[in-house]
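Heads up: the sequence shown at position 207 corresponds to 224 in the numbering used here, and the numbers run straight through without jumps. This report concerns only the one structure given below.
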Amino acid sequence: MYDLCIIGFGISGICCAKWAEKYKLKYIILEKEKDLGGCWFTKALESSTLQSPKNFYQFPDYKMPQDYPTFPNKNQILKYLKEYVRISNIKNINYNYNVLNLEYDNFWKIFVKKKNKQIKIKSRYIAICSGIYGEPNIIDLKNRNNFLGQIIHSKDLNTIKSEELKNKHITLIGNGASCMDILKYISDLSTNINVIYRKNKWYVLDSILGIYTYFYINRITVQMWNKLPHIFFIIFIGYVIKYLFLSPFEIPNKIFDHSNIIMCNKKIYNLVSLNFIKFVKDEPNYLYKNYLVLKTNKLIYSDIIILCTGYSTNISFLKSNINHNNYLHIINPQQNKCGFIGFTPSYNWVQVSYLQSRWFINYILGNIKLPEKKIMEYKINQVLNKKRKLNIPYNDLTYDCFKYCDNIQNELMIYTNKYTLSYWFQNPDYCMN
Ligand SMILES: Cc1cc2nc3c(=O)[nH]c(=O)nc-3n(C[C@H](O)[C@H](O)[C@H](O)COP(=O)(O)OP(=O)(O)OC[C@H]3O[C@@H](n4cnc5c(N)ncnc54)[C@H](O)[C@@H]3O)c2cc1C
18 MYDLCIIGFG
28 ISGICCAKWA
38 EKYKLKYIIL
48 EKEKDLGGCW
58 FTKALESSTL
68 QSPKNFYQFP
78 DYKMPQDYPT
88 FPNKNQILKY
98 LKEYVRISNI
108 KNINYNYNVL
118 NLEYDNFWKI
128 FVKKKNKQIK
138 IKSRYIAICS
148 GIYGEPNIID
158 LKNRNNFLGQ
168 IIHSKDLNTI
178 KSEELKNKHI
188 TLIGNGASCM
198 DILKYISDLS
208 TNINVIYRKN
218 KWYVLDSILG
228 IYTYFYINRI
238 TVQMWNKLPH
248 IFFIIFIGYV
258 IKYLFLSPFE
268 IPNKIFDHSN
278 IIMCNKKIYN
288 LVSLNFIKFV
298 KDEPNYLYKN
308 YLVLKTNKLI
318 YSDIIILCTG
328 YSTNISFLKS
338 NINHNNYLHI
348 INPQQNKCGF
358 IGFTPSYNWV
368 QVSYLQSRWF
378 INYILGNIKL
388 PEKKIMEYKI
398 NQVLNKKRKL
408 NIPYNDLTYD
418 CFKYCDNIQN
428 ELMIYTNKYT
438 LSYWFQNPDY
448 CMN
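Dropping the structure here:
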């Protein structure tokens, strides 16, 4: 019987294993893929780079190498993660172990598929680190069989050789982060690119006035966002973006959240301004020969359609009665022998998973006591109501990431000095000691 079974070995699973190893728990790691890294291993393109600068995306106790560029690429990130696993002395990693089902009866029974065999693992606690990107969302395009071109999901773009994309008419459906990632890659290969999208997003240049935009995200600016009336925020920020930077994009009528703020590099910004990449606000209707016909009957000639339609967040091996609106985003009041790590999108993803893991391991060790079930539910509802008013999902930490991290850190009895400039203006290094 294990103390802890960690499901998934991306950033969150690595953080959890680091703390389990440090506190000498008896743990096992189950990862369905053949290597570590999670979505960086399975979903990123070879050409993908970080969207945040490297010092926003590193373990507090092991920095990204100095010779790495500001936005490291997929291979550099995977190398960094492997090195961290090595120096953290993380053991008992099992690849090609796909968790199929869980049962709880005083302890967890974890049913796993390993190649053609099914095995059962027993553990007192589990950490669910399986990520927010589950199965790809494939939209149903009518008349698909009549289409003469090719249709793929963004995650499969790696399967197409770059020569096959050269000078082709490429249509992207969806305008989120994966669309931007793909545009960076295909804009070197083709100038016939259309992006079909439904909702306006905040496209923010990755650097503003020579400073990386991420450095504008600090406790001062986040507090300002929180205090400004939203209409003022949209008009003011929208106005600045639209006219000062001559943005070719339409401004959304909703404040920032994790899904509608997209980092855009200068090259893509310019190509959209020059109309080499066309953003078309419309919806796909059906396919005809080589055309994608839109709801407004506009025809988009397409050799290849890439679905940048994202992923579903459901956790296949979980029973439906455990949702993941959790206390402190970690513990479900109905089932407190299980922790969720990494289900809170933010601009400090690594630091958040690192903190959540440390908290969860301390909870397993009995160093942190949970409030009563009713109180946990009350606190969840309090946050839910607040976020509902902002029209933001419960798990989204765009607005309260610093507050949330400070809170978790305080529960670990670690307090940072507020009377320093770095506290207010820098991205914090949480839980170094
Ligand atoms: C191309 C790309 C660029 C990104 N850039 C940034 C960025 O710049 N900044 C930022 O903050 N975030 C970025 N992200 C977001 C990224 O998702 C997070 O930063 C982080 O990597 C999430 O890690 P995770 O471990 O929580 O989840 P994941 O990386 O999704 O890992 C989950 C792991 O669980 C495994 N798993 C799932 N189901 C099972 C099962 N049934 N049995 C066993 N194992 C299972 C999966 O195989 C996977 O290895 C990017 C994501 C992508 C894809």
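Each residue gets a CB set at the ideal place from its N, CA and C atoms; glycine is no exception. Remember, predicted model here, so these are calculated numbers, not experimental data.
Reference residue i, options the options, closest by Cα
i      : options                           : result
Lys295 : Asn211, Gly383 and Tyr371         : Asn211
Leu429 : Tyr308, Gln399, Ile381 and Arg405 : Ile381
Leu311 : Ile187, Tyr214 and Tyr150         : Tyr214
Ile442 : Ile425, Phe419, Asn427 and Leu345 : Note that residue 442 is Phe in the sequence shown here, rather than Ile. The residue with the shortest Cα to Cα distance from Phe442 is Phe419.
Ile385 : Ile348, Glu394, Tyr421 and Ile397 : Ile348
Lys132 : Lys49, Phe249 and Asn282          : Lys49
Leu182 : Ile199, Ser195 and Ala194         : Ile199
Ser105 : Tyr202, Lys39 and Asn111          : Lys39
Leu309 : His186, Phe124 and Leu387         : His186
Val400 : Arg161, Asn343 and Lys336         : Asn343
Asn408 : Lys126, Lys271 and Pro388         : Lys271
Asn235 : Ser363, Ile252 and Asp157         : Ser363
Cys325 : Ile156, Leu226, Met241 and Tyr395 : Ile156
beta-carbon residue i near ligand 1 non-hydrogen atom, thresh 7 Å
i      : result
Leu67  : yes
Trp242 : no
Ser29  : yes
Cys146 : yes
Asn282 : no
Asn115 : yes
Leu47  : yes
Ile24  : yes
Ser264 : no
Gly255 : no
Asp198 : yes
Gly359 : yes
Ala34  : no
Trp125 : no
Tyr74  : yes
Tyr364 : yes
Ser370 : yes
Lys201 : no
Ala61  : yes
Gly55  : yes
Phe334 : yes
Glu180 : no
Tyr44  : no
Cβ pair residue i, residue j closer than 8 Å
i      : j      : result
Pro301 : Ile190 : yes
Tyr220 : Ile279 : yes
Lys51  : Asn113 : yes
Tyr142 : Gln352 : no
Leu47  : Val116 : yes
Lys172 : Asn192 : no
Ile31  : Leu98  : yes
Lys159 : Leu304 : yes
Lys336 : Trp125 : no
Ser201 : Asn282 : Here residue 201 is Lys; the residue named in the question, Ser, does not match the sequence. Going by C-beta atoms, Lys201 is nearer than 8 Å to Asn282.
Spatial neighbours of residue i in its chain, beta-carbon cut-off 6 Å, leaving aside the 5 residues before and after
i      : result
Ile358 : Ser29, Cys33, Ala144, Cys146, Ser370, Gln373 and Ser374
Ile45  : Tyr19, Cys22 and Asn109
Ile268 : Gly255 and Lys259
Pro70  : Thr87, Tyr229 and Tyr231
Leu67  : Tyr74, Phe88 and Pro89
Phe26  : Ile46, Glu48 and Leu53
Phe262 : none
Asn184 : Ser207
Asn444 : Phe73
Asn365 : Cys418
Ile425 : Leu372 and Trp376
Phe266 : Tyr220
Sequence-distant residues of the same chain with beta carbon closer than 8 Å to residue i, five excluded per side
i      : result
Thr230 : Val221, Leu222, Asp223, Ser224 and Met280
Asn175 : Leu62 and Glu63
Asp446 : Pro77 and Gln368
Ile332 : Ile145, Ser147, Gly151 and His341
Ser204 : Ile210, Lys284, Ile285, Leu288, Phe293 and Ile294
Val297 : Asn211, Val212, Ile213, Tyr214, Leu311, Lys315 and Ile317
Cβ shell of residue i (< 7 Å), same chain only, five flanking positions each side left out
i      : result
Tyr328 : Tyr150, Gly151, Glu152, Pro153 and Asn154
Trp36  : Ser374, Arg375 and Ile378
Lys130 : Asn115 and Leu117
Ser179 : Leu206
Asn243 : Tyr416
Thr361 : His346, Val369, Asn412 and Leu414
Val102 : Ile31 and Leu53
* **Contact the stretch 91-105 vs the stretch 51-60: 3+ CB pairs below 8 Å** => yes
* To do: Count the CB pairs spanning the stretch 283-297 and the stretch 130-142 that are closer than 8 Å, and state whether there are at least three.
  => no
* Please confirm if the stretch 309-328 is in contact with the stretch 154-168, defined as three or more CB-CB distances below 8 Å between the two stretches. => yes
* To do: State whether the stretch 399-417 contacts the stretch 266-277, with contact taken as three or more CB pairs (one from each stretch) at a distance under 8 Å.
  => yes
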